[in-house]
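Q:
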Amino acid sequence: MPATSRAIARDSAASADVLVVDDVVKRFNTPEGQLTAVDHVSLGVRQGEFMAVIGPSGCGKSTLFNIIGGLVDGYDGRVTVAGDRVTGPHPSIGMVFQEESTFPWRTVIDNVAFPLEISGMGKSERYDRARHFISLVGLNGFEKRYPAELSGGMRQRVAIARTLASEPKILLMDEPFASLDEQTRLLLGDKVLQIQQELQQTTLIITHNITEAVQLADRVLVMTYRPGKVKRIVDIDLPRPRSSEIVSSEAFGRYVAQIWADLREEASRGMKDDEQLRAGAKP
Amino acid sequence: MSDAAATGSAGDLGRRAMPAVLGLGSFIVFLLVVEILIRVGLINRYIVPLPSQIAGAFERIIVEEDIIGRFQLTFSEALRAGVMITVVGILAGIFLYRFDLWRRATETWIAALASAPTVLMYPLFLVIFGRSAWTIIMMGFVAGLPPVILKTIEGLAGTRRVLINVGRSFNLTPTQQFTKILLPAALPTIFVGIRLGLIFTLINVVGIEYLINFGGLGQLITDLAERYDQPALYATICFVIAVSVCFFIITEWIERWLTPVE
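Protein chains in written order, with numbering that gives the first Met the number 0: chain A, 0 to 282; chain B, 0 to 261.
#1: With DSSP as the reference, please indicate the residues paired to lysine 25 of chain A in a beta bridge.
#2: Cβ closer than 7 Å: which chain A residues qualify as neighbours of glutamine 175 of chain B?
#3: Just the Cα atoms here: how many angstroms apart are leucine 144 of chain B and methionine 120 of chain B?
#4: Given a cut-off of 9 Å on the beta-carbon distance, is the pair leucine 182 of chain B and leucine 162 of chain B in contact?
#5: Alanine 177 of chain A and histidine 207 of chain A: beta carbons closer than 9 Å?
#6: Given that a residue counts as buried once 16 or more other Cβ atoms are within 10 Å of its Cβ, and exposed if not, what is aspartate 273 of chain A?
#7: Please report whether the beta-carbon of alanine 56 of chain B lies at a distance below 9 Å from any beta-carbon of chain A.
#8: Just reading off the beta strand (DSSP E) that methionine 120 of chain A is part of, what are its end residues?
#9: With 9 Å set as the bound, which would you pick, yes or no: does the beta-carbon of glycine 93 of chain A sit closer than that to a beta-carbon of chain B?
#10: Helix, strand or coil: how does DSSP classify threonine 285 of chain A here?
#11: In angstroms, rounded to a whole number, what distance separates the CA positions of glycine 82 of chain A and valine 19 of chain A?
#12: Which residues bound the alpha helix (DSSP H) around methionine 137 of chain B?
#13: Just to confirm the assignment: which complete alpha helix (DSSP H) runs, minimum length 4, are found wholly within the stretch 173–239 of chain A?
#14: Note down the Cα distance separating alanine 129 of chain A from asparagine 110 of chain A, rounded to an integer number of angstroms.
#15: What whole-angstrom Cβ distance do isoleucine 205 of chain A and valine 255 of chain A have, given they're in contact under 8 Å?
#16: If I measure Cβ to Cβ from tyrosine 45 of chain B and keep anything under 8 Å in the same chain, skipping five residues before and after, which residues do I get?
#17: Is phenylalanine 169 of chain B close to chain A, meaning its C-beta is less than 9 Å from at least one C-beta of that chain?
#18: Less than 9 Å between CB atoms is the rule here; does serine 165 of chain A satisfy it with respect to chain B?
#19: Can you tell me which residues form a DSSP beta bridge with glycine 43 of chain A?
#20: Taking the DSSP output, what are the residues bridged to threonine 79 of chain A?
#21: Out of A/Ile67, A/Phe102, A/Asp22 and A/Ala15, which one is the CA nearest neighbour of glutamine 176 of chain B?
#22: Would you be able to state if there are at least three C-beta pairs under 8 Å between the stretch 47–61 of chain B and the stretch 231–238 of chain B?
#23: Going by C-alpha distance, which of B/Gln71, B/Val33, B/Leu72 and B/Gly68 is nearest isoleucine 53 of chain B?
#24: What are the residues that DSSP puts in a beta bridge with leucine 170 of chain A?
#25: Output the distance between the C-alpha atoms of isoleucine 117 of chain A and isoleucine 152 of chain B, rounded to the nearest integer angstrom.
#26: Comparing the C-beta of valine 191 of chain B with each C-beta of chain A, is any distance below 9 Å?
#27: Take arginine 69 of chain B as the anchor and find which of B/Val205, B/Phe29, B/Pro146 and B/Arg226 has the nearest alpha-carbon.
#28: Mapping DSSP to helix, strand and coil, what is lysine 271 of chain A?
#29: Whole angstroms is fine: what's the gap from serine 267 of chain A's alpha carbon to valine 147 of chain B's?
#30: Take glycine 88 of chain B and list the residues in its own chain whose beta-carbon comes closer than 6 Å to its own, dropping the five residues that flank it on each side.
#31: If you reduce the DSSP assignment to three classes, tell me which class isoleucine 53 of chain A lands in.
#32: Where arginine 38 of chain B and valine 47 of chain B are concerned, what is the direct C-alpha to C-alpha distance, given to the nearest angstrom?
#33: Considering tyrosine 121 of chain B, what are the terminal residues of the alpha helix (DSSP H) in which it resides?
#34: So leucine 162 of chain B is in the alpha helix (DSSP H); what residue range does that whole segment cover?
#35: Should leucine 41 of chain B be labelled buried (16 or more other beta-carbon atoms within 10 Å of its own) or exposed?
#36: Does DSSP classify glycine 24 of chain B as helix, strand or coil?
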């Protein structure tokens, strides 16, 4: 095990992290040979903490998300939730996906009540609970609407409410605002922060947006470009409760600059790699 | 409601109804033109009867030719074939979706069957089932089955990966994954297959009734053609077209209901 991983694993054990990713390595077989997507990644997320994982495109962020969520197997290392090894989708982990993931054939309330329906809860009780989470994401009055009648930001809030309704110990989000415009992204970030503070929800967000990472997180884990390794973990010492107004503060700017300095080199490598790949593919 | 709002909603209604009014109006004008062309002798009235005569023949085909009873027979045959293509088609589609090797082995054949003139197989079905309603039902079944199978596979295979992953993240059992996610996601596409299948079935049911001269609307067309009762023949053909149009509209409504929001 590399020194960094051992140190993080040791720290994790010491602080009794609720989520521990320990020395995870994931390789894919491609026509060009074996590709290491995630390389000896270790991290620990504390109870109630908001952690962001940031890295350039193609650094294995989504692979890491799928590994933690139990959607991918065949990797080395281990992922545990409160000491329980993750070997598949884990009831303590709730996932919010990057793509639009609401069920178009269900109304907002039926979407949000979905995990409760699966758990066998009665209709009136699950509707009551679903209404609570709909209210939490600020969608009161839209219960009977279908996703196609909502904006992209509202649909993503439905997806978040649906995941929260399953009351996961850990909320795992993979670039949940990637398809939204900047203003909606900032406002939705506020909403997520508000919910996280209200529920004291342990949250891990995967993103490639530095502003988003600094706005939301207590700690930001910066990943290298392929193979995806942990480059640095930055503590964000900004006051809470936070809102999107914090983006105009000097301290915020310093964190963004610091993370960008780490990320810039990796992003440049990614861009060069992409250009070479395209040049090679040219007939 | 304010006057302005009332005027606005009336205007909306008018705009929505305009295509239907235009279509119906064009049809009436067409009939009038045909009527005039026949009356002035530009169209042979022994080949194409006067539209007014066709309209007058409707009463006769209802009272004397029992078109409602014949329609019920055709409808019951089409319904039985329709239920069969729905049940067998969806189950076969699910099977082929689940077993990829079988799918790859048979999908081209099924697609070929969908475009083959299966109506030519009717002598074989006559030998197997005899001159009975079952020959008609089975011919309708064979003609309508391929689109249901193909569209079921397409619908299931086209379910977005992220929806399947949502189901997995909630720890759904394979049965729940199928009933709560795959099937509802695929239902609009499956229904397109059912609609196509039912149209093929209806065409074949009436066609085989005509060919084997065994009951229903198809047999009535044969009878009237043999008697050279042109107005009644055309009235019956109009009736069959009207049935098809109603059938198409009803299935379209059901399809919209299955996909509540565009």
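We put the beta carbon where it would ideally sit given N, CA and C, even for glycine. These numbers were taken from a predicted model, which means no experiment stands behind them.
A: So, from the listed chains and residues:
#1: A/Val37
#2: Ile117
#3: 15 Å
#4: no
#5: yes
#6: exposed
#7: no
#8: Here methionine 120 of chain A belongs to no beta strand (DSSP E), and DSSP marks it neither H nor E.
#9: yes
#10: For residue 285 of chain A there is no data in the structure shown, the boundaries of chain A being 0 and 282.
#11: 8 Å
#12: 132–156
#13: 181–198 and 209–215
#14: 9 Å
#15: About 18 Å; that fails the 8 Å criterion.
#16: Gln229
#17: yes
#18: yes
#19: A/Val19
#20: A/Val19 and A/Arg84
#21: A/Phe102
#22: yes
#23: B/Val33
#24: A/Gly93 and A/Thr202
#25: 26 Å
#26: no
#27: B/Val205
#28: helix
#29: 51 Å
#30: Leu144, Val147 and Ile148
#31: strand
#32: 11 Å
#33: 121–128
#34: 160–168
#35: exposed
#36: helix
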